[in-house]
Amino acid sequence: MSSSTVDPADPVFQLHRGGKMAVTSTVPLTSREDLSLAYTPGVARVCEAIAADPALVDEYTWVSHTVAVVTDGSAVLGLGNIGPRAALPVMEGKAVLFKQFAGVDAVPVCLDTQDVDEIVAVVRALAPSFGGINLEDISAPRCFEIERRLDEALDIPVFHDDQHGTAIVVLAALRNAATLLDRKLGDLRVAVSGAGAAGVAVTKMLIAGGVNPDQVVVCDSKGIIGRHRTELTGTKAELAASTNADGRHGDITEALRDADVLVGVSGGQIPEAAVAQMAPGGIVFALANPTPEVHPEVAARHVAVVATGRSDYPNQINNVLAFPGVFRGALDAGATRITEAMKVAAADAIAGVVAESLTADAIVPSPLDPRVAPAVAEAVAEAARRDGVARR
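And the structure:
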């Protein structure tokens, strides 16, 4: 958008003028004594203590409650590769959501490189200033390698929200939808449309949560992923080896034949005829924004439960249900990483918030429900301690 198309009267631009966040002091700075305690000479004593015992950085700096929100601007919302400067408003928004919903301070870090080695090196160098790293809007397949390498290199949590935040909320929603319909996760036949960052993570999370991998069929832009696709490498090759036990071929229409669940994370449109051939009492999560893979009103003609990624329809699958509480719990526990069990615990906690009041239009809490982040944080911290990755 050029400057000539910016409308100063537009409330969106008015809200964003000057940015959405700022740094503020947590201590008084009104006297010489205040200055001598917060800065020189008093601060030197704290520096010497941390130099002698680096673990004290958690107690005497912001590290224990602060994360970096890191992007290269390569896959921002539905806008694509718009670069680090254009990505900054989104990262600011992410940061204020962290603060609002979980009391976690967050700093946007928009990198002017899309080279995997450079991103890993920069984040590793910045890591001592933070208690966790939230990777955001980095395109697949680079995001998988970046997260894996940082997770191996750092002793603080690393979490690519586009993958795992979505996956956690999808698992929570599917758990409640299955309960509502008196179904078991292990019996559900699931079709996943999309094998990018979110699709891969959703598939792995559903399997970790109890879905039978033999009953999962994943589709990318070329069709069903399976052992017949000999050109596949990396993550997609892993999916081919672990899912689609029936050896289905074809496109999403074939994947949906007699399926109980559709999870759309691709943005591609799925014809109504394909949805109509799903098994009775089905579940559709059409999560592409702003245009779902299947219009929710169309999906509702053929299935029992529908969710989207939009706020103007029931059952919004929104990452804000997950990431604030996940990081709050990880930070509270002093977790060195985020494990699969911690993600599953987060999903269970989200599902539990509305478990006693389920309806077809309310299988997940509202993103504004104040019960969510504390419940997720507690569950994640407990899981971290069980998994042996907690330092407190």
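If you read the sequence shown in this note's numbering, its first letter stands for residue 60, the second for the next number, and so on. Backbone N, C-alpha and C fix where the C-beta goes; we use that ideal spot for every residue, glycine too. All values derive from a computational prediction rather than experimental measurement.
Cutoff 8 Å; reference residue i; Cβ partners in own chain excluding five residues on either side
| i | result |
| --- | --- |
| residue 192 | 126, 127, 129, 182, 186, 209, 213, 215, 216, 217 and 218 |
| residue 437 | 388 and 408 |
| residue 124 | 162, 163, 164, 190 and 390 |
| residue 72 | 65 and 66 |
| residue 421 | 373, 374 and 413 |
Spatial neighbours of residue i in its chain, beta-carbon cut-off 7 Å, leaving aside the 5 residues before and after
| i | result |
| --- | --- |
| residue 60 | Because the pLDDT at residue 60 is just 46, under 50, the model does not fix this residue reliably, and the value given afterwards should be weighed accordingly. Same-chain partners within the cutoff: there are none. |
| residue 152 | 79 |
| residue 160 | 379, 383 and 432 |
| residue 76 | none |
| residue 142 | 132 |
| residue 97 | 86 and 88 |
| residue 115 | 108 and 109 |
| residue 148 | 75 |
| residue 172 | 131 and 178 |
| residue 199 | 255 and 256 |
| residue 301 | 272 |
| residue 405 | 227, 381, 384, 385, 435, 438 and 439 |
| residue 335 | 361 |
| residue 294 | 200, 203 and 259 |
For residue i: DSSP bridge partner residues
| i | result |
| --- | --- |
| residue 167 | 128 |
| residue 367 | 345 and 375 |
| residue 287 | Residue 287 is not bridged to any residue. |
| residue 189 | None, per the DSSP bridge assignment. |
| residue 250 | 276 and 321 |
| residue 421 | 418 |
| residue 194 | 129 and 219 |
| residue 135 | 139 |
| residue 282 | 279 |
Buried versus exposed call for residue i [16 or more other C-beta atoms within 10 Å across all chains shown]
| i | result |
| --- | --- |
| residue 202 | buried |
| residue 368 | buried |
| residue 189 | buried |
| residue 278 | buried |
| residue 308 | exposed |
| residue 258 | buried |
| residue 292 | exposed |
| residue 230 | buried |
| residue 447 | exposed |
| residue 136 | exposed |
| residue 423 | buried |
| residue 333 | buried |
| residue 434 | buried |
| residue 207 | exposed |
| residue 248 | buried |
| residue 287 | exposed |
| residue 170 | buried |
| residue 111 | exposed |
Nearest-angstrom Cβ-Cβ length linking residue i and residue j, presumed shorter than 8 Å
| i | j | result |
| --- | --- | --- |
| residue 439 | residue 268 | Between residue 268 and residue 439 the Cβ distance is about 15 Å, and since that is not below 8 Å, they are no contact. |
| residue 285 | residue 299 | 5 Å |
| residue 419 | residue 364 | 5 Å |
| residue 225 | residue 254 | In fact, because the Cβ distance is near 14 Å, the residues do not count as touching under 8 Å. |
| residue 195 | residue 150 | 6 Å |
| residue 205 | residue 264 | Their Cβ separation, rounded to whole angstroms, is 19 Å, which puts residue 205 and residue 264 out of contact at 8 Å. |
| residue 325 | residue 347 | 7 Å |
| residue 270 | residue 306 | About 18 Å separates the two Cβ atoms, so there is no contact after all. |
| residue 134 | residue 197 | 6 Å |
| residue 252 | residue 329 | 6 Å |
Same chain only: Cβ atoms within 6 Å of residue i, ignoring 5 sequence neighbours per side
| i | result |
| --- | --- |
| residue 331 | 357 |
| residue 345 | 323, 351, 352, 353 and 367 |
| residue 250 | 276, 314, 315, 318 and 321 |
| residue 410 | 231, 234 and 235 |
| residue 166 | 127 |
| residue 443 | 392, 394, 401 and 449 |
| residue 117 | 123 |
| residue 101 | 95 |
| residue 312 | 333 |
| residue 239 | 417 |
| residue 355 | 365, 367 and 372 |
| residue 441 | none |
| residue 156 | 379 |
| residue 340 | 240 and 363 |
| residue 68 | none |
Next item on the list: For the region 294–320, list the beta strand (DSSP E) runs that are entirely contained and at least 3 residues long, ordered along the chain.
Entry: If one requires a minimum length of 3 residues, no beta strand (DSSP E) run lies completely within the region 294–320.
Next item on the list: Entirely within the region 77–118 and at least 4 residues each: give me those alpha helix (DSSP H) ranges in chain order.
Entry: At a cut-off of 4 residues, the continuous stretches assigned as alpha helix (DSSP H) that sit fully inside the region 77–118 are 91–97 and 102–111.
Notebook entry, point to check: Along the chain, which unbroken stretches of the alpha helix (DSSP H) at least 4 residues long are found entirely within the region 390–416?
Noted result: Listed in chain order, the complete alpha helix (DSSP H) runs (minimum 4 residues) inside the region 390–416 are 399–412.
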